[in-house]
Structures are given as structure tokens and as C-alpha cells.
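One line per chain: the protein sequences are A and B, in this order.
The opening residue of the first sequence carries number 1 in this note's numbering; numbering runs sequentially from there.
The opening residue of the second sequence carries number 424 in this note's numbering; numbering runs sequentially from there.
Report on one structure; see the data block that follows.
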Amino acid sequence: MTDQQIPSPSQAAPIVPDAPEKEPGESRWHAFVREVTQGSVLISVLAVLLSIIAGGILIAATDEDVQRAAGYFFARPLDTFRAIWDSVAGAYSALFQGAVYNFRRPGFAAGIRPLTETLTFATPLIAAGLGVALAFRVGLFNIGGRGQMLIAAAAAGWVGFALDLPFGIHLLAAVVAGIIAGGVWGGIAGLLKARTGAHEVITTIMLNFIAFYLVSFLLRTPVLQAPGSNNPKTPAMKETAVFPDLFGPGYNLHAGFLFVIVATVVVWYLLNRSNVGFQFRAVGENPHAARVAGINVPSVYVWAMVISGALIGLAGTAQALGTIKTGFGSGIDAGIGFDAITVALLGRSRPWGVFAAGILFGAFKAGGFSMQAAEGVPVDIVLVVQSLIVLFIAAPPLVRTIFRLRTPGASQRPSRRRKAVAR
Amino acid sequence: MTAVAATRAPEPALEREAVRSWKVPIALAIFTLVALVLFVALGRDGTSTFRLSTEADAFRLPDLALPTRAGCIVLTVLMAAITAYSVVRSRAARKTPLWLIALFGVLFVVAFLTWASAGAAVPVPGLLVGTLGLSVPLIFGALGGVIGERVGVVNVAIEGQLLAGAFASAVVASVTRQPLIGLIGAMVAGMLVSFVLAAFAIKYLVDQVIVGVVLNVLVTGITSFFFSKVLTPNASVLNSPPKFSRIEIPVLSDIPIIGPALFRQTIIVYVMYVAVALVWFFLFKTRWGLRLRSVGEHPQAADTVGINVARTRFWNVSLAGAIAGFGGAYLTLGAVGSFNKEMTAGAGFIALAAVIFGRWDPLRATLAALLFGFAQNLQNVLSIIGSPVPSEFMLMLPYVVTIVAVAGLVGQSRAPAASGKPYIKS
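If you want it as C-alpha cells, here you go:
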């Protein structure tokens, strides 16, 4: 397996944000204004806007009232536009009220509950997104989130319900168990890559299946199965092992979110400030050059996958000890391992970018369900909007063409831009 | 190659042309050891019956009955012999031939089935039919992946192309009541997904893996949305396509054992045989294929001799999408008979694994896809014959085998050099 053909999203990260070059003699304020009006901030906002418009078109086109009104469009065109407005605005306001603030509830405490729901959904997404992003930065594509989450959830869950430990220590032990389990599962793929060159895309996919069957098996044995039950499901977690609620029992947001904030800081420090992170990024940029520079590339692959798996393990732990405390089955990963890839891409594999992307996707998840309940718009529209956002953000020239924006540094050609950013 | 090169110190004996590689013998030895432990040490008594024909066959073979323990021992000894031969070859710095490794694999599978089916009967034709059925979308997807990577665009969007093909074929065939037109719809849908992939990867230079992953999500979202909102309320009009009927090829379908599996199939499967052969032929035997591969290996050189890199990539990636979309049609028009939310269930990613496992070669990728199809089909067979150990471990085994095989046998493979790299004409 050559390293040349490793899918290298890490390379895209520097290409994508086309930060305008600072011209000599330009004041900081000027640069800031230019950044906002032409640079990546504006592109991101416009990308979100475009995606929401595209989602709105889908919602309107499939709405029955709109279709009925369009039947007599030439007789009374206003009816059609009103129906379109009703369907789209209704759906998006339901989304907003399900994700951020519900105006129909009395008082701030009840109104803000959707926001805490958003953060609850965001917790595992951020953790897993960090894991995928870290692997991206090393030039590795970790599709094994599902397996790593399952193994981590099983380990954390087992500590959570089978052991009797004092308050505090129990939770910590369960979290550590989950993180280690995820790290080990990710590390297998890293070790195989380092030792034999086996492509991590294959090994992580295969490890997903292996983890699924392993956990399914354990869920049928007394190791994980609730005693006296025939369902492949664990018993409920012990009180001492679950993440405590942050805002009391009325809200689902749990202390796992704090762990995720800490994880984001740690990953940021690791990647941007530490020696290890420098080696990681060097291997991600160019493994050949890194090897010539004396970096032990195989060891970087192993450790990157271990840390990546550990972060995704934190996501699995958050699911088992925070979201679903009453015992879980083999569907505990809830597709987060794959969602995390999109989160990492939207966050451009930067720790705080992933954090923000995770919250945005958490909001879509939380709001999507209330939109489906209130307006009958299938929750899948959220997937469409999410993926369009990533697609548009990844292609700034497209957004510029649509909105007829000036290319920053007008004479810049793509090739020059690449070189400029690669510095 | 860095990973491997870094672990291995530069060998002083480089003047000898061939370098001894111990990966194959080691991998074979591991499998032989597994066989020794599982099939011999933990051997089971009884008789394993292989049912070789179905009621419908013209020539009916008698059931093949093997004493389980003796059969396993014989098969394991044969595997040990191949391993020993491989060791001898490696000592002489020569490669173990591929057909021998394949034979080893077949022996292992037969030994496994013999061991698993003590006291029960394995319906061999059913096993083969099921394997091929599950492999069809994987093979089409893998062909699409091979073409994409050979021309220099990593096609992670196979999943999306399959799903789009399945969706379009169901809707088009339902509306027109013509499954053949549904097939065309599937190809167009797969191609549309490819257009987006190609436009973003080639024109906007977005990382191909990003576009691929995102397209999978996008297609999943769009098809699921329309499925819930439009297809489900109008299922009789929009989601009840006529299925293809099976066509028996007169003489060939009467061949014992393999005949029913290979030649009693729908037209999609026959197209697949042709497609595999054609893709191989065109890739390696025609000028078109040479150009395609040169663009994937060294776009700059290709550009220098006057090949339009961007155009070559664009149209070949589109072709790859059409092929993958065709495979998606099998799910609706060949197998299930209607579209379902996320009905590909990760087949695209397995096809991607088959592409890499098959070393970017259409024939090898097809074999890899068949292996994965067999792995998935094992579930059905084990539920019929019962399983000596918890069935989860049996189901896990093919994936473990794949990991060992990838680590041991395929590790040193090399992808098309420019695969995944945007080409910027300067």
C-alpha cells in the first residue's frame, strides 16, 4: 500500500479555507473586513444559506398544499407563493424551535430546553468528530467509528452496571474503560497499517463488522445481558456510573458534554502546541518528507489511530452512560460513527471547527425530530441540508460563482493559491 | 510504501533481483494453524452432507456425504502441504502462484463448511445462488470503483451511486412498467451522482474523499426524504416496479452445482458477466484503457502527450457512476422488488474494500466482491444448518479472514499513483 494513494483529506483542509493573503502595509482592520466580506466567513454563511434554500425547495415541492395551489397557479399565483411560504417557514421555524428556543413555552427555563437537547445530541457527535478529524490530519481515514463506539460502549457499560464503586470513581472508571476500549479497537487498525501496510479503510470497515458481532454475542451472554431478560440488551447503568445531569432532571444534558469540551481542548493542544501533534501533521502533509526528517511514521500511524479510537470511544461512552442510561443494545452507536465523518469535514478537521460543526449537526438532529412531528417533513431533509453545507463549504469557487463574488486576490490562480497555503 | 519501507531496514542483498517475501507463507501458516485448532483439535464427529443439486435440476447428483472428522483432517493436511510449498517457494525467493492461494482459500472454506455442518446438510446450490445474489451490487460497485481510481479519482461515492440507481430504477420502472427502462434510469442516476463528484473533484479541486463521503450522505438524505414523503403514500404507482424474471440459459443452466447459480439468473447478472470482462478488456487491452490508466498514474505525462486529463477523468468517472448505478438496480428490480430507505446498507463501502482488496484490478476486485458476498450469505446458511459455536463468531470469521488476508497477502499492493490527487494544469 503506498502512502500516495491514501485519501488525504488533510491536504484539503489547507486548500479549502482560502484565507486571503495579508498584503504588505494593510492594517489589521482592513484585513478583517476583507476576511468577512470575501473570505471564508462569508463563504460559510452563504453556504449555509444556499443549503437551507435548497432544503426549502425540496420541502415546498413535496408539500401537498403547494401542489394543490400550483394546480391553479395562473388563476391565483399568490396562493402558490403563500403555500410555499407556509410550508417552508413552518418547517424551518419548527426546526428552530426544536433546536434552539421554543417560544410557545412559558418562561426562559422551559423555552431554552431545546438548546440543551441540541447540546445533548452534539456531545457524541463532537467526540467522534474529533476522533475522525485527528485521523484526517495524519492522513488516515477512520471509517471504523461504529466498531470503536460499540466496543467502547460495551466496556463502559459493563463497568457501569457490573461493578460496585463509590460515587465519582465509578463514573471515572467507566469513562476510562470506554476510552481505552475505543483506543485499543482503533489501535488494531493503526498497528496493522504500520506493520503490514494494510489499508485502514478496509481494516476499519472489517473491524466494524467484527465489533458488531462481538457485542451482539456478548449481549446474548450473561456478560452484558440483563439477568432474567431474553432481549439482547444490557441492564440499566448504576446510579453512580451515569453522567450526572447538568441542569437537573428536567433536562437531558449531561456531564458528558463537559468531558467533550475538555477533549476539544486536549486535541487542540495536542495538534497545535505539542511535539506529537507536529509529527502528526507532518506525516499527514507528506509521510515521505516526515520520514526523511526523522519522524517514526509507523509509530505515528499507531498512536494516531489509538487516540482517534479513544476519542470515538468517548462518544460511545457518552451514549452508554449519558444518553441511554436504561441499558442498550447493539444499535447504541446510532450511526454516529458515520455522521462524525461529515462533522469532521465541516469542521475542516480543526478541533474548534469540529466543536462548532458538532453543535450545528446536533441542532439539526434535535430540530429535525420536532420538525417531523410538527410539520410532517421527514427528518431526512436534515441529511440533505447537512451534506449540502459541507459540499458548498468545500468548494468556495462554486459559492463565489453563484453569488458573483470577487475572488480574493483577483489574479490568484488555483495553483498559486495551493502553494501559498501550503507554506 | 513508506510504512513498510520504514519498518524494514534497507537490505544489503539488493543485487539479488527478487526480494524474499514471507508474507504469503506466514498468512497461509496462520490459516493452517486456525484450521488445525478449529477443525482438527476441536474436530466434530458425524457426517457432513453436501446437497449438490436441487429438485429442479435436470441432472441430479447424489448428496455427497463426508465423515466430518476425517474430511477435516484430510483438508487440513492439504492446506499444510500448500503452506509448506509456499515456504519452499519463498526460500527460493519466488512468489507463490495466485491460483494456489485461491485453491487454499477454497480448501479452507470447504473445511469450514464440513466442520460446521456435522450432522446436517449444506445446500450447495442455494449457497452459491445466495452468494452471487449478494455479490451483484458489490461487483458493479467495485467495477465503478476500479475505473474511478484507475483514472485518478477516488470513488468513495459508490454507496451513493448504488442507492441512487436503486431509487431511480424503482421509480422509473414503476411509472413506465418497463424494467428495462428502469435500468436506464438507474444508469442515469448513478451518472448524475458521478457528475457532481467529477465536477467538484476536477473543476473545484475539492478533496475527492470529502466529496464522496458527502455525496453518500446527500443521496441517502434525498432518497430517504422522497421515500417517506412521496413514495410511501403512492406506493402502488411509484414504488412497485415489475421485477425481472429469471432467464434460464438452455444447456449451461443444467451444469451440475454451478449451473443454477450462474445461468439461471436475471438479465442484470448476465450483463454483469459481460461488464466484468469488458471492463478488464478495455482497461488493459485498448487505447482508451491505456489513456485512462496513464491519466491515473501520471497525469502530467498524459497531458504532455496531448491527452485532455480533465475530460478523460470526467467522462470515465461518469461511466463508473453509470456502472455502479446499474448495480443498484439489481437491488430493486432483481432482488427485493421495491425501494427501501437506505437499502444498500453499506454495500458501497464493502465494494470500496473489494476495490482495494482486489488491487485495483477488475477481475481480482470481482473475486473479492464474491468473497464478501459469500461472507454475508453465510448468515443464511448457518441459520439452516445450525452452528457449532455461537453464530456470531462464525459470522465474524470472514471479516477476520479479510483482515488477515489484507495484512498478509495484499499489503504490498500499489494504487494508481495519481489516484486521489487533483491535477492542476500549469
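Note that CB positions come from ideal geometry on N, CA and C, so glycine has one too.
All values derive from a computational prediction rather than experimental measurement.
One or two residues paired with residue i in a DSSP bridge
i, result
"S471 (chain B)", "B:L489"
"E671 (chain B)", "B:R687"
"A544 (chain B)", "B:T472"
"H254 (chain A)", "A:D245"
Chain B within 8 angstroms of residue i, Cβ atoms only
i, result
"A69 (chain A)", "no"
"P397 (chain A)", "yes"
"D380 (chain A)", "yes"
"A366 (chain A)", "no"
"L391 (chain A)", "yes"
"N213 (chain A)", "What sits at residue 213 (chain A) in the sequence shown is Tyr, not Asn. Closer than 8 angstroms to some Cβ of chain B, the Cβ of Y213 (chain A) qualifies, so yes."
"F280 (chain A)", "no"
"Q386 (chain A)", "yes"
"S216 (chain A)", "yes"
"F361 (chain A)", "no"
"R406 (chain A)", "no"
"V50 (chain A)", "In the sequence as displayed, the identity of residue 50 (chain A) is Leu instead of Val. By this cut-off, L50 (chain A) is not an interface position."
"A289 (chain A)", "no"
"A263 (chain A)", "no"
"L58 (chain A)", "yes"
"A394 (chain A)", "yes"
"T317 (chain A)", "no"
"F403 (chain A)", "no"
Run of the alpha helix (DSSP H) containing residue i, from where it starts to where it stops
i, result
"V547 (chain B)", "V547 to R573"
"V283 (chain A)", "N275 to E285"
"F340 (chain A)", "Correcting the residue identity first, residue 340 (chain A) is Ala in this sequence and not Phe. Where A340 (chain A) is concerned, the enclosing alpha helix (DSSP H) stretches over I336 to L346."
"S387 (chain A)", "I381 to A394"
"P821 (chain B)", "S814 to A828"
"Q148 (chain A)", "G145 to A162"
"H170 (chain A)", "I169 to T196"
"P298 (chain A)", "V297 to A318"
Check: residue i C-beta below 7 angstroms from any heavy atom of the ligand ZN
i, result
"G635 (chain B)", "Ligands displayed in this structure: none; no statement on the ligand ZN is therefore possible."
Whether residue i touches residue j by CB criterion (8 angstroms)
i, j, result
"S471 (chain B)", "T554 (chain B)", "no"
"C495 (chain B)", "V529 (chain B)", "no"
"A255 (chain A)", "T326 (chain A)", "no"
"T62 (chain A)", "K518 (chain B)", "no"
"P560 (chain B)", "P602 (chain B)", "no"
"G690 (chain B)", "F667 (chain B)", "According to the sequence displayed, residue 690 (chain B) carries Ile and not Gly. Yes. Within cutoff."
"I336 (chain A)", "A99 (chain A)", "no"
"I126 (chain A)", "G277 (chain A)", "no"
"D468 (chain B)", "L475 (chain B)", "no"
"A363 (chain A)", "T118 (chain A)", "yes"
"L661 (chain B)", "Y213 (chain A)", "no"
"A698 (chain B)", "I773 (chain B)", "no"
Residue-chain proximity (residue i, chain A), Cβ-Cβ < 8 angstroms
i, result
"Y846 (chain B)", "no"
"F454 (chain B)", "no"
"S659 (chain B)", "no"
"F816 (chain B)", "yes"
"L641 (chain B)", "yes"
"P448 (chain B)", "no"
"S651 (chain B)", "yes"
"V457 (chain B)", "no"
"S676 (chain B)", "no"
"A776 (chain B)", "yes"
"I773 (chain B)", "yes"
"I779 (chain B)", "yes"
Compile a chain-ordered list of the residues in the region 612-635 of chain B whose CB is closer than 9 angstroms to at least one CB of chain A. V619, A622, F623, K626, Y627, L628, V629, D630, Q631, V632, I633, V634 and G635
Output, in sequence order along the chain, the residues in the region 143-172 of chain A whose CB is closer than 9 angstroms to any CB in chain B. I143
Near-chain B residues of the region 325-348 of chain A - C-beta to any C-beta below 7 angstroms: Result list: I341, T342 and L345.
Output needed in chain order: residues of the region 566-589 of chain B with a Cβ under 9 angstroms from some Cβ in chain A. E572, V577 and V579
Along the region 524-536 of chain B, what residues have a CB closer than 9 angstroms to any CB found in chain A? none
Taking a cut of 8 angstroms between CB atoms, which residues from the region 178-209 of chain A lie near chain B? For the region 178-209 of chain A, the beta-carbon criterion of a distance under 8 angstroms to any beta-carbon of chain B is satisfied by L192, K193, A194, R195, T196, G197, A198, H199, V201, I202, T203, I205, M206, L207 and F209.
Cβ-based contacts, 7 angstroms cut-off: residues of the region 92-117 of chain A near chain B: Only those residues of the region 92-117 of chain A whose C-beta falls short of 7 angstroms from the nearest C-beta of chain B would be listed, and there are none.
Can you list, in chain order, the residues of the region 119-144 of chain A whose Cβ is nearer than 8 angstroms to any Cβ on chain B? F141 and I143
Taking beta-carbon pairs under 8 angstroms, can you tell me which members of the region 711-733 of chain B lie near chain A? none
What are the residues in the region 818-830 of chain B lying within 7 angstroms of chain A by C-beta distance? Listed by position, the residues of the region 818-830 of chain B near chain A (Cβ gap below 7 angstroms) are L818, M819, Y822, V823, T825, I826, V829 and A830.
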